[in-house]
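Trainee: Residue numbers (my numbering): 765 to 1012.
Note that beta-carbon positions come from the ideal geometry of N, C-alpha and C, so glycine has one too.
Got a structure for you, written out below as C-alpha cells; questions coming shortly.
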Amino acid sequence: MFEARTVSRSFGKNRVLDRLSLKLEEHSFNALIGPSGSGKSVLLKILGGVDQPETGEVVSTSGDLGPNDRSLMFQEGALFDSLSVFDNVAFPLVRGNVPCASLPSKTLEDVHEKVESILRHVGLTKAAYKMPGQLSGGMRRRVSLARALVNRPRCVFLDDPTCGLDPVASSVIMDLICDLHAEYKPTMVLVSHDLRRLLPVAERIIALFEGEIVFSGPLADLVSSAPEEVRRFVSCRFDFGGKPLYVS
Ligand SMILES: Nc1ncnc2c1ncn2[C@@H]1O[C@H](COP(=O)(O)OP(=O)(O)OP(=O)(O)O)[C@@H](O)[C@H]1O
Ligand SMILES: [Mg+2]
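The structure is reproduced here in C-alpha cells:
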C-alpha cells in the first residue's frame, strides 16, 4: 500500500491541502479528477516526491521508498530543451550524468537497452537524437512519458499527460498508458480532464475538490453514491449512455 497521511501544503495564506489522507492499492490504476485549481498537481508532486508536505508523510507499507521507486510526469512535460530525446529519457537512469556517451561502457550498454526499449514502446525510435524543440506536442508528451517509465518505478504519477493535445494524439497517449500499466502494473495515479477516456479505464476514481478528497471508489459507485458536486462535475464531461447522472 502507498499512503499519504494527513498531508498539508500551503502557499502563503492559501491552504491547498489540509490534512489529506489517501491510500493507493499496490498495482492499482487510479484516476485523480477535480476542477482546475483543486490541488491535483500539488498533491501529485508530493506523492511523486518532488515536493515536501508541511505536515504529514508519504509512505509505502511494502518497503522503503527509494529514489527509483516513484516518478512524476509533470503537467507541462518539463523536458530539458538542451538534451536530445535519448538523454532526456536516460536522465533518471544516469542521475543527470549526461551526455550518456561519457559513461563506463557496461553502464552505457544497460542504459541503451532500457532507453531504446521504452522509446520503441512509445514509437520514438527514429526521434532518439532529435532535440525537444524539433518535436510536436504529442511527441514531447511521449518523451516525458518514456522518461517517467524508463526505470519501471513501482509508483507512477502522471499529471495531465494529454493536456492541449488533439483527440488523436491524446488517444495515442492514453492507449500507451493503459498498455504500459497492463504490462508491468505499477501503482499509478493519472490526472486528466479527458474523462471520456479516463473514467472507463481507471479501477478507482479519486475526486479532489478544494483540496479535499470528496469521493474515492469505482465508476459504478461514483454513479450511485458520489456527492452531488462530483456527479455534476463528471456529468458535464462524460456521457453515461444517455442516462442523466445529475439533474439540476
Ligand atoms: N508554486 C506555487 N506557488 C503558489 N501557489 C501555488 C503553487 N503551486 C500551486 N499553487 C496554488 O495551489 C492551488 C492548486 O493548484 P494546482 O496546480 O494543484 O491545481 P490543479 O488541480 O492541478 O489545477 P489544473 O486542473 O488547472 O491543473 C492553486 O490555487 C494554485 O494557485
Ligand atoms: Mg494541475
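Any chance you could list the beta strand (DSSP E) runs of at least 3 consecutive residues sitting entirely within the region 922-1009, in chain order?
Mentor: Correct list: 951-955, 968-973 and 976-981.
Trainee: Which term fits Val907, buried or exposed, when burial requires 16 or more other beta carbons within 10 angstroms of its beta carbon?
Mentor: Buried: at least 16 other Cβ atoms inside 10 Å.
Trainee: Measuring only from the beta carbon, is Lys804 closer than 6 Å to any heavy atom that is part of ligand 1?
Mentor: Indeed, a heavy atom of ligand 1 lies less than 6 Å from the Cβ.
Trainee: Quick check: does the Cβ of Ser934 come within less than 6 Å of any heavy atom belonging to ligand 1?
Mentor: No - ligand 1 has no heavy atom lying nearer than 6 Å to the Cβ of Ser934.
Trainee: Under the rule that 16 or more other beta-carbon atoms within 10 Å means buried, what is Val985, buried or exposed?
Mentor: Before going on, a small fix: residue 985 reads as Asp here, not Val. It is exposed - the Cβ of Asp985 has fewer than 16 other Cβ atoms within 10 Å.
Trainee: Would you say Ser846 touches ligand 1, meaning its beta carbon is less than 6 Å from a heavy atom?
Mentor: No, ligand 1 has no heavy atom inside 6 Å of this Cβ.
Trainee: Within this structure, are the beta carbons of Ala966 and Ala795 separated by less than 7 Å?
Mentor: Taking 7 Å as the Cβ cut-off, Ala966 and Ala795 qualify as a contacting pair.
Trainee: My assumption, with CB atoms under 8 Å, is that Leu922 sits in contact with Ala933. Please give the rounded CB distance.
Mentor: With 8 Å as the limit, Leu922 and Ala933 do not qualify as a contact, their Cβ atoms being about 15 Å apart.
Trainee: If I follow the unbroken alpha helix (DSSP H) through Ala854, where does it start and stop?
Mentor: Taken as a continuous stretch (DSSP letters only), the alpha helix (DSSP H) holding Ala854 covers Val849 to Val858.
Trainee: When the Cα of Gly813 is compared with those of Glu947, Glu974, Asp782 and Leu829, which residue comes out closest?
Mentor: The candidate whose alpha carbon is nearest that of Gly813 is Leu829.
Trainee: Let's test the definition: count the other Cβ atoms within 10 Å of the Cβ of Arg1019 and tell me whether it reaches 16, buried, or not, exposed.
Mentor: Given that the chain is displayed from residue 765 to residue 1012, the structure contains no residue 1019 and the question cannot be resolved.
Trainee: Is Gly813 close to ligand 1? I mean its beta-carbon at under 6 Å from any heavy atom of the ligand.
Mentor: No, the beta carbon of Gly813 sits no closer than 6 Å to any heavy atom of ligand 1.
Trainee: Measure the CB-CB distance between Pro817 and Ser774 and report whether it falls below 7 Å.
Mentor: Going by C-beta atoms, Pro817 is not nearer than 7 Å to Ser774.
Trainee: Decide if Pro964 is buried, meaning its Cβ has at least 16 other Cβ atoms within 10 Å, or exposed.
Mentor: Flag for Pro964 reads exposed.
Trainee: Out of Leu909, Leu899, Gly901 and Arg834, point me to the one whose CA is closest to Val879's CA.
Mentor: If we check each option's Cα against that of Val879, Leu909 comes out closest.
Trainee: Could you compute how far the alpha carbon of Ala892 sits from the alpha carbon of Val987?
Mentor: Spanning the two alpha carbons is a distance of roughly 44 Å.
Trainee: Rounding to the nearest angstrom, what Cα-Cα distance links Phe997 and Pro799 in this structure?
Mentor: When rounded, the distance between both Cα atoms is 8 Å.
Trainee: At what residues does the beta strand (DSSP E) containing Ala842 begin and finish?
Mentor: Ala842 -> no beta strand (DSSP E), and no H or E assigned at all.
Trainee: Beta-carbon within less than 7 Å of Lys787's beta-carbon, same chain only, minus the 5 sequence neighbours each way: which residues are those?
Mentor: Excluding sequence neighbours, Lys787 sits near Met765 and Glu767.
Trainee: Kindly provide the ranges of any alpha helix (DSSP H) runs that are 4 or more residues long and lie completely inside the region 779-813, ordered along the chain.
Mentor: Qualifying alpha helix (DSSP H) stretches, in chain order: 804-811.
Trainee: What three-state label does DSSP hand Ala902 in the structure shown?
Mentor: Residue identity differs from the one stated: residue 902 is Gly in this sequence, not Ala. If DSSP states are grouped into helix, strand and coil, Gly902 belongs with the helices.
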